[in-house]
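Peer 1:
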Amino acid sequence: MSKEISDVICPGCGVLCDDITVNLKENVIVSNYNACTKGNTKFLDINANRLLKPTIKMNGTNKEVDLDTAISKTAEILLNAESPFLYGWSATTCEAQRIGIQLAKELKGLVDSTSSFCHGVSLSTLLENSWSTATLGEVMNRADVILYWGSNPIESHPRHMSRYTTVPRGIFRQAGKEERTVVVIDIRKTRTANITDRFLEVEPNRDFELISVLRSLVNGDRPDIETVANVTLKEVNRLLELIKEADFCAIFFGLGLLMSAGTYHNVSNLLSFVAELNQFTKVVAIPMIGHYNMIGFNHVCSWLTGFPYGVDFRKEYPMFNPGETTTVELLQQKEIDAMLCVAADPVSTLPYSLTSYLKEIPVITMDRQMTPTTRISKIVIPVALSGIEVSGTAYRMDSVPLYMKNIISPPDGILSDEMILTKLLELVKEAK
Amino acid sequence: MLEKLPYLIELQCIKCLSESSGVKRMSEKKRLNAMMIYKLLPQTNCRICGEPNCMAFTVKLLNRSVELKQCTPLFDEEQYAEKAEKLKELIAPLELAKETGIILEDEKCIGCGNCVVCCPANATVAPETSGGKGIKEAHPDIIFLVEKGLARIYKLERCRRYEPPRTNCRVCEMMCPTKAIEILQ
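Protein chains in written order, with this note's numbering: chain A, 1 to 432; chain B, 433 to 617.
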């Protein structure tokens with residue numbers, strides 16, 4: 001029996017496109033409309049390399065066990081550890097994240113998401129700056145100048161430009177692209193720059209200087225230089241005039257800005273620049289979030305503990321110190337002695353010098369498919385894919401919460417992250 | 433480096449979760465123009481093909497109103513054999529072209545949907561597409577639609593280049609970031 005479901009939310013990236021139409025044939029997704037190549041892979045290749053049975057590694061071989069055994073063994077490992085570390089969370093629902101943070105609190109352990117070495121860092125600059133922001137819908141309806149700084153949406157978020165920023169016609173932008181000026185600032189000419197009006201090629205690692213010159217120009221100074229970061233002062237002035245004369249300017253900053261020299265200081269400087277520009281016109285800054293619910297973890301963790309990521313409960317109260325309680329430093333200092341990895345693949349994303357330590361400690365992984373992390377894990381618990389097999393809340397890149405539907409049911413015996421974490425939390429509470 | 437990663441090299445390639453997964457990179461081709469074809473023709477203006485000169489034949493070849501085999505000297509005379517081979521290779525994409533000369537290459541498409549949203553004729557059929565929103569179901573008169581992660585051309589007869597007054601609209605080609613859409617004439 002075939003069925004068509006419309007307005008499905010795609011868990012492919014931070015744009016969370018909410019207009020996907022999915023065709024089902026007896027609980028199998030056969031085709032979809034409107035999803036990009038990236039989202040299409042999520043829908044159609046849902047069963048690729050799928051894990052179906054929980055396993056425990058014994059004497060070097062993986063032995064299949066039942067779910068209750070795997071969960072009780074996980075609880076045992078986490079309870080016996082002095083510094084259990086709960087990592088991941090960027091590709092699961094807010095409901096699961098909430099229980100995960102409660103679990104870290106009960107275990108007196110640490111909790112951190114992938115955002116500690118990604119866009120979560122730009123959230124911590126909120127502590128230093130004000131943040132002028134808007135939703136993507138406002139950008140679509142009002143923005144006449146769009147600036148992409150250090151991000152390449154055509155390859156990272158393929159539908160970002162067509163769904164919200166550049167091409168669509170909005171309420172106050174009835175001519176669509178013709179009424180907008182799109183600028184790309186990057187270290188090389190990306191595919192995004194192929195269809196934009198202007199492109200500024202900035203020298204790698206010198207974004208901070210460019211932002212500083214822009215700030216000094218906004219404040220009325222006349223710097224005695226001809227070029228900055230390989231961009232002529234004339235071009236910088238032209239860019240500034242363009243933004244100042246705009247009705248509504250949206251600046252999207254990506255990891256190119258965050259991961260070059262200066263790291264979060266670049267973002268901090270950019271946000272100060274945006275705040276200063278607001279004396280002339282409305283300017284907003286939005287981070288280009290990669291994982292579909294990465295910013296969701298920052299919100300959930302903020303309202304539960306007061307801090308956006310990297311929270312340490314070992315002293316029975318939440319403590320946040322980036323550079324001490326964050327993933328990279330914890331692995332570097334070998335401070336943790338057990339790790340629960342939910343909806344993340346640290347072995348693929350982190351350098352070998354850090355992940356080599358994971359072979360020395362018990363790692364428990366909850367994932368949908370086989371990844372390099374599941375290969376080194378002591379316990380592997382298969383889960384359902386949030387957003388397609390499980391309903392739940394996720395935050396879009398502009399911090400708008402959206403409720404994702406479950407469109408198909410997971411394979412027999414496979415539970416959601418939330419259900420497994422709830423069982424784990426109950427066992428931990430009982431043991432105490 | 434690989435020696436240090438024993439648990440990685442054992443694995444076959446599994447779907448990488450990086451930002452750029454699913455995005456294909458292809459080298460970009462040079463656009464086909466009349467001079468590229470003209471240079472490879474005999475340039476004798478012999479009129480065997482029925483056209484007044486070789487340039488006129490070139491233009492009609494580009495419009496697909498004549499066929500290359502009508503230029504008989506190119507195939508009969510040995511001195512042009514090499515040029516004939518090159519020319520065959522050069523105009524091969526023309527055979528893929530639909531009525532209005534649009535080529536949509538799946539290999540390059542990333543399904544961004546820019547063509548769906550910017551197409552003015554699409555907006556007359558399904559107004560929601562002009563606001564960035566995808567359509568709920570395949571409309572019989574839609575031109576562009578993203579299906580299974582790739583853009584598809586459905587009803588090309590609705591294109592402004594095809595319907596009278598046949599405007600020279602190239603907006604889909606201009607907005608395609610990967611140059612997957614090419615309009616040949």
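Ideal Cβ positions, reconstructed from N, Cα and C, are used throughout, including at glycine.
Remember, predicted model here, so these are calculated numbers, not experimental data.
1) For residue 433 of chain A and chain B, any beta-carbon pair shorter than 8 Å?
2) Since residue 210 of chain A and residue 231 of chain A should fall inside the 8 Å C-beta cutoff, what is the C-beta to C-beta distance between them, to a whole number of angstroms?
3) Bridge partners for residue 339 of chain A per DSSP, in chain order?
4) Can you list the residues of chain A that residue 536 of chain B reaches, using a CB-CB cut of under 8 Å?
5) Taking only three categories from DSSP, how would you classify residue 433 of chain B?
6) Helix, strand or coil for residue 429 of chain A per DSSP?
7) With DSSP as the reference, label residue 303 of chain A as helix, strand or coil.
8) Return the CA-CA distance between residue 133 of chain A and residue 219 of chain A, expressed in angstroms with no decimal places.
9) Could you have a look at residue 411 of chain A and say whether DSSP puts it in helix, strand or coil?
10) Find out if the Cβ-Cβ distance for the pair residue 318 of chain A, residue 305 of chain A is shorter than 8 Å.
11) Can you tell me whether residue 32 of chain A is helix, strand or coil according to DSSP?
12) Taking beta-carbon pairs under 8 Å, can you tell me which members of the stretch 29-45 of chain A lie near chain B?
13) Would you mind sorting residue 507 of chain B into buried or exposed? The rule is 16 or more other CB atoms within 10 Å of its CB.
14) Under 8 Å, do residue 590 of chain B and residue 601 of chain B count as touching if we go by C-beta distance?
15) Could you tell me whether the Cβ of residue 412 of chain A comes closer than 8 Å to any Cβ of chain B?
16) Only counting runs of 3 or more residues, tell me where the beta strand (DSSP E) segments fall wholly within the stretch 6-77 of chain A, in order along the chain.
17) Quick check: is the beta carbon of residue 577 of chain B nearer than 8 Å to any beta carbon in chain A?
18) Taking CB distances under 8 Å as the criterion, tell me whether residue 266 of chain A reaches chain B.
19) Below 8 Å, can you find three or more Cβ-Cβ pairs linking the stretch 137-150 of chain A to the stretch 171-188 of chain A?
20) Report yes if the CB atom of residue 46 of chain A is closer than 8 Å to the CB atom of residue 338 of chain A, and no otherwise.
21) In three-state terms, what does DSSP make of residue 348 of chain A?
22) I want to verify the contact list: residues of chain A whose CB lies under 8 Å from the CB of residue 556 of chain B, in sequence order.
23) Ignore the nearest five residues each way along the sequence and tell me which others in residue 512 of chain B's own chain have a CB closer than 8 Å to its CB.
24) Can you check DSSP and say which residues form a bridge with residue 543 of chain B?
25) Report yes if the CB atom of residue 34 of chain A is closer than 8 Å to the CB atom of residue 564 of chain B, and no otherwise.
26) Could you check where the beta strand (DSSP E) with residue 186 of chain A kicks off and where it finishes?
27) To the nearest angstrom, how far is it from the Cα of residue 478 of chain B to the Cα of residue 616 of chain B?
28) Taking only runs of the alpha helix (DSSP H) that begin and end inside the stretch 535-605 of chain B, which ones reach a length of at least 4 residues, in chain order?
29) So with CB distances below 7 Å, who are the chain B contacts of residue 146 of chain A?
30) Taking 8 Å as the threshold (beta carbon to beta carbon), is residue 22 of chain A in contact with chain B?
31) So, helix, strand or coil for residue 454 of chain B, using DSSP?
32) Alpha carbon to alpha carbon, how far is residue 500 of chain B from residue 533 of chain B?
33) Quick one: list the residues of chain B neighbouring residue 195 of chain A, beta-carbon separation under 9 Å, in chain order.
34) Closest to residue 437 of chain A by CA distance: which of A/378, A/57 and A/294 is it?
35) Kindly give me the distance between the Cβ atoms of residue 44 of chain A and residue 368 of chain A, rounded to whole angstroms, as I take these residues to be in contact under 8 Å.
36) Considering only the alpha carbon of each residue, which of B/607, B/605, B/581 and B/556 lies closest to residue 572 of chain B?
Peer 2: This is what the structure holds:
1) Absent from the model: residue 433 of chain A. The displayed extent of chain A is 1 to 432, so no value can be given.
2) Along the first sequence, one-based indexing puts residue 210 of chain A at 210. Along the first sequence, one-based indexing puts residue 231 of chain A at 231. Contact check for residue 210 of chain A and residue 231 of chain A: beta-carbon distance about 6 Å, within the 8 Å limit, so the pair qualifies.
3) Stepping through the first sequence from its first residue, residue 339 of chain A is reached at position 339. Answer is A/85 and A/363.
4) Start at 1 with the first residue of the second sequence, and residue 536 of chain B comes out as number 104. Residues of chain A passing the Cβ test: none, with the nearest at roughly 14 Å.
5) Mapped onto the second sequence, residue 433 of chain B falls at position 1. Its pLDDT being 39, under 50, residue 433 of chain B is placed unreliably in this model, and the value from its coordinates should be taken loosely. Reduced to three states, the DSSP call for residue 433 of chain B is coil.
6) Counting from one through the first sequence, the residue named residue 429 of chain A turns up at place 429. Residue 429 of chain A falls in the helix class under three-state DSSP.
7) Here residue 303 of chain A refers to the residue found at position 303 when the first sequence is read from its first residue. Secondary structure at residue 303 of chain A: helix, using DSSP grouped into helix, strand and coil.
8) Residue numbering aside, residue 133 of chain A sits at position 133 when the first sequence is read from its first letter. Residue numbering aside, residue 219 of chain A sits at position 219 when the first sequence is read from its first letter. Roughly 21 Å separates the two Cα atoms.
9) Within the first sequence, numbered from 1, the residue matching residue 411 of chain A stands at position 411. Residue 411 of chain A falls in the coil class under three-state DSSP.
10) Position 318 of the first sequence, counting from 1, holds the residue named residue 318 of chain A. Position 305 of the first sequence, counting from 1, holds the residue named residue 305 of chain A. Result yes, Cβ atoms of residue 318 of chain A and residue 305 of chain A sit closer than 8 Å.
11) As a working mapping, residue 32 of chain A is identified with position 32 in the first sequence. Here residue 32 of chain A sits in strand by DSSP.
12) 31, 32, 33, 34, 35, 36, 37, 38, 39, 40, 41, 44 and 45
13) Numbered from 1 along the second sequence, position 75 holds the residue referred to as residue 507 of chain B. That one is exposed.
14) Taking the second sequence and counting its residues from 1, one reaches residue 590 of chain B at position 158. Taking the second sequence and counting its residues from 1, one reaches residue 601 of chain B at position 169. Cβ distance not < 8 Å, so residue 590 of chain B and residue 601 of chain B don't count as in contact.
15) Translated into the one-based positions of the first sequence, residue 412 of chain A becomes position 412. Not one chain B Cβ lies under 8 Å of residue 412 of chain A.
16) 20-25, 29-33, 55-58 and 61-64
17) Locating residue 577 of chain B in the second sequence gives position 145, counting from the first residue. Cβ-Cβ to chain A under 8 Å: yes for residue 577 of chain B.
18) Here residue 266 of chain A refers to the residue found at position 266 of the first sequence. Closer than 8 Å: no.
19) yes
20) By one-based count along the first sequence, residue 46 of chain A stands at place 46. By one-based count along the first sequence, residue 338 of chain A stands at place 338. No, these two residues do not count as a Cβ contact at 8 Å.
21) One-based indexing of the first sequence puts residue 348 of chain A at position 348. If DSSP states are grouped into helix, strand and coil, residue 348 of chain A belongs with the helices.
22) Taking the second sequence and counting its residues from 1, one reaches residue 556 of chain B at position 124. Those do not exist, as residue 556 of chain B stays about 13 Å from chain A at its closest Cβ, beyond 8 Å.
23) Taking the first residue of the second sequence as 1, we reach residue 512 of chain B at position 80. Here the set comprises 474, 505 and 506.
24) Within the second sequence, the letter at position 111 stands for residue 543 of chain B. Answer is none; residue 543 of chain B lacks a bridge partner.
25) The residue labelled residue 34 of chain A in the question sits at position 34 within the first sequence. The residue labelled residue 564 of chain B in the question sits at position 132 within the second sequence. Result no, Cβ atoms of residue 34 of chain A and residue 564 of chain B do not sit closer than 8 Å.
26) Numbered from its first residue, the first sequence carries residue 186 of chain A at position 186. Start and end: 181-186.
27) Here residue 478 of chain B corresponds to residue number 46 of the second sequence, with the count starting at 1. Here residue 616 of chain B corresponds to residue number 184 of the second sequence, with the count starting at 1. Using only the alpha carbons, I get a separation of about 27 Å.
28) 546-550 and 552-557
29) For this step, residue 146 of chain A is matched to residue 146 along the first sequence. What residue 146 of chain A touches in chain B: nothing, since even the nearest Cβ is about 13 Å away.
30) On the first sequence, position 22 is the one that residue 22 of chain A refers to. Not a single C-beta of chain B is nearer than 8 Å to the C-beta of residue 22 of chain A.
31) In the second sequence, residue 454 of chain B corresponds to position 22, counting from 1. Residue confidence is low: residue 454 of chain B scores 33 on pLDDT, short of 50, so the model does not pin down where it sits. Its coordinate-derived value is still stated next. Note: residue 454 of chain B maps to coil in three-state DSSP.
32) Here the question's residue 500 of chain B lines up with position 68 in the second sequence. Here the question's residue 533 of chain B lines up with position 101 in the second sequence. Distance between the alpha carbons of residue 500 of chain B and residue 533 of chain B: 17 Å.
33) As a first step, residue 195 of chain A is located in the first sequence; it is residue number 195 there, counting from the start. Per Cβ cutoff of 9 Å: 546, 606, 607, 608 and 609.
34) This structure leaves residue 437 of chain A out entirely; chain A is present only between 1 and 432.
35) The residue you call residue 44 of chain A lines up with position 44 of the first sequence. The residue you call residue 368 of chain A lines up with position 368 of the first sequence. The pair is not a contact, with the Cβ atoms about 14 Å apart (cut-off 8 Å).
36) In the second sequence, residue 572 of chain B corresponds to position 140, counting from 1. It is B/556 whose Cα lies nearest to the Cα of residue 572 of chain B.
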